[in-house]
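**Student:** In short: position in the sequence shown from 1, add 25, done, that's the numbering used here.
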Amino acid sequence: MLITQTPLRISLAGGGTDLPEYYRRHGGAVLSTAIDKYVYVIINERYDDRIYVDYSRKEIVDSVAEIEHDLVREAARITGMTNGFEVMMMADIPSEGSGLGSSSSITVGLLNAFYQYRGVQVGAEQLAREACHIEIDILGRPIGRQDQYIAAYGGLRLFEFSATEEDSDIVQERTLPVDPAEVRRLGSNLLLFFTSIVRKSSPILAEQREKIEENVERHRAIRDLVDVVRDAVVVGDHDRVGEALHENWSLKKELAAGVSNPDIDRMYERALNGGAIGGKISGAGGGGFLLCYCRRDRQDELRRAMSEYREMPFMFEQFGSRVIFQHRRYSW
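1) Are the stretch 294–309 and the stretch 124–137 touching, with three or more C-beta to C-beta distances below 8 Å?
2) Could you check what DSSP says for residue 361 in three-state terms: helix, strand or coil?
3) Leaving out five residues before and five after residue 263 in sequence, what residues of the same chain have Cβ atoms less than 6 Å from its Cβ?
4) Quick one: complete beta strand (DSSP E) runs, 3+ long, within the stretch 51–91?
5) With a threshold of 8 Å on Cβ separation, who are the neighbours of residue 240 within its own chain once the five nearest residues in sequence on each side are excluded?
6) Checking the sheet assignment: what are the DSSP bridge partners for residue 304?
7) With C-beta atoms as the reference, is residue 33 less than 8 Å away from residue 130?
8) Measuring straight from C-alpha to C-alpha, what distance separates residue 59 and residue 92?
9) Once you ignore the five residues that flank residue 224 on each side, which residues in its own chain have a CB closer than 6 Å to its CB?
10) Which first and last residues belong to the alpha helix (DSSP H) in which residue 151 is found?
11) Run through DSSP, which three-state label would residue 8 get?
12) Does DSSP classify residue 34 as helix, strand or coil?
13) State the beta-bridge partners of residue 123 as determined by DSSP.
14) Counting along the chain, where does the alpha helix (DSSP H) carrying residue 275 start and finish?
15) For chain C, is any of its Cβ atoms less than 8 Å away from the one on residue 238?
16) Are the stretch 104–118 and the stretch 63–71 in contact at 8 Å, needing three or more beta carbon pairs?
17) Please report the distance separating the alpha-carbon of residue 149 from that of residue 174.
18) Using the rule of at least 16 other Cβ atoms within 10 Å of the residue's Cβ for burial, across every protein chain shown, is residue 145 buried or exposed?
19) Per DSSP, residue 198 forms a beta bridge with which residues?
20) At which residues does the beta strand (DSSP E) containing residue 343 begin and terminate?
21) If distances are taken between C-alpha atoms only, which option among 54, 95, 337, 65 comes closest to residue 218?
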């Protein structure tokens, strides 16, 4: 038996500029952090030669090609899995529509689990690149590349996206030169509240992708905020991070019709009135979690203002996808 633990993420700036339709022409960047909420993939050897896949339903099939769960099927194909195994997936939060990158975390966690099960060691770059290949190239999902990379690498990182004639999907990972104590202090000023709305991100992202050229200037302004947040984090000006979150949200709402709605707008206004300096819906928008920046001395006030919404306490996570349990049977 083998278990992988793969973190979810929050994006502090730049979301949307990791869409291939944007960065291949204009260059993009995202500053993200992994958080201590996880997706778990459990894989176990079966005595028989069938394949068992457990999630919200259960599949029992004879070959990888018959698996209906598309992420499991494609991850098994890429890693060379055949048959005689059972795989189960669990998550700390609603597995779809949270805005915390759960789908990509599942993909990275599956790849890591299958490779490790077969005794193959691979690095974060390969896990992220192959997860992107599955979700974007094979399955055609209208998503970007930040979620797969932060799930594989972990930590607080800046990713830059670009293209050349030789390679249309270049991703460069940057670790910020920040003392861990400062990173923890930044994290202590960030709070997540559940909107109670779970939605599929694909329609919002599809519209956003279709309007790339129409929204070039908004995307460019969102990309510029990555530099603002990076500099603010490096020098410890954390309140500037909160202000940038507000600017990012104001721009993001203009990218597609479904990014916000009257309920989310009221929720955000309540957060601002309760002491938050800024915030934004995590992920594509339309639901999931509202990320708020609030100084610690006003957080009790914020929690009172947001009392009708469920808070999800979290901390930053240093590690990306990793094996947390492994037991191999040996025959005599």
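Glycine included, each C-beta is placed from N, C-alpha and C at the ideal position.
**Tutor:** Let's see:
1) Touching, yes, given that three or more Cβ pairs across the two stretches are closer than 8 Å.
2) Outside the modelled stretch of the chain, which goes from 26 to 357, sits residue 361, for which no answer is possible.
3) Within the sequence shown, numbered from 1, the residue matching residue 263 stands at position 238. If we look at residue 263 and ignore the five residues flanking it on each side, its Cβ neighbours are 211, 214.
4) Given a length threshold of 3 residues, each whole run of the beta strand (DSSP E) inside the stretch 51–91 is given here in chain order: 53–70, 76–79, 83–86.
5) In the sequence shown, counting from the first residue as 1, residue 240 sits at position 215. Contacts found: 233, 279, 280.
6) Taking the first residue of the sequence shown as 1, we reach residue 304 at position 279. Answer by DSSP bridge pairing, in chain order: 317.
7) Your numbering for residue 33 matches position 8 in the sequence shown. Your numbering for residue 130 matches position 105 in the sequence shown. Annotated as proximal: residue 33 and residue 130, with beta-carbon spacing under 8 Å.
8) Start at 1 with the first residue of the sequence shown, and residue 59 comes out as number 34. Start at 1 with the first residue of the sequence shown, and residue 92 comes out as number 67. Answer to the nearest angstrom: the Cα atoms are 30 Å apart.
9) Position 199 of the sequence shown holds residue 224. If the five residues before and after residue 224 are omitted, its C-beta is found closer than 6 Å to the C-beta atoms of 122, 311, 312, all from its own chain and listed in chain order.
10) For the purposes of this step, residue 151 is taken as the residue at position 126 of the sequence shown. Residue 151 -> alpha helix (DSSP H) spans 149–157.
11) Any answer about residue 8 is impossible in this case: the structure gives the chain only from 26 up to 357.
12) On the sequence shown, position 9 is the one that residue 34 refers to. Note: residue 34 maps to strand in three-state DSSP.
13) Reading the sequence shown from its first residue, position 98 is the one you call residue 123. Beta-bridge pairing links residue 123 to no other residue.
14) Residue mapping note: residue 275 aligns to position 250 of the sequence shown, counting from 1. Its alpha helix (DSSP H) spans residues 263–277.
15) Of the protein chains in the structure, only one exists, and it is not chain C.
16) The stretch 104–118, when compared against the stretch 63–71, does touch it at the 8 Å Cβ threshold.
17) Start at 1 with the first residue of the sequence shown, and residue 149 comes out as number 124. Start at 1 with the first residue of the sequence shown, and residue 174 comes out as number 149. Each residue's CA atom was taken as its position, placing residue 149 and residue 174 some 8 Å apart.
18) Stepping through the sequence shown from its first residue, residue 145 is reached at position 120. By the 10 Å Cβ count, residue 145 comes out exposed.
19) Your numbering for residue 198 matches position 173 in the sequence shown. Bridge partners of residue 198: 184.
20) Walking along the sequence shown from the start, residue 343 turns up at place 318. It is not in any beta strand (DSSP E) - residue 343 carries neither H nor E in the DSSP assignment.
21) Reading the sequence shown from its first residue, position 193 is the one you call residue 218. For the residues 54, 95, 337, 65, the minimum Cα distance to residue 218 belongs to 337.
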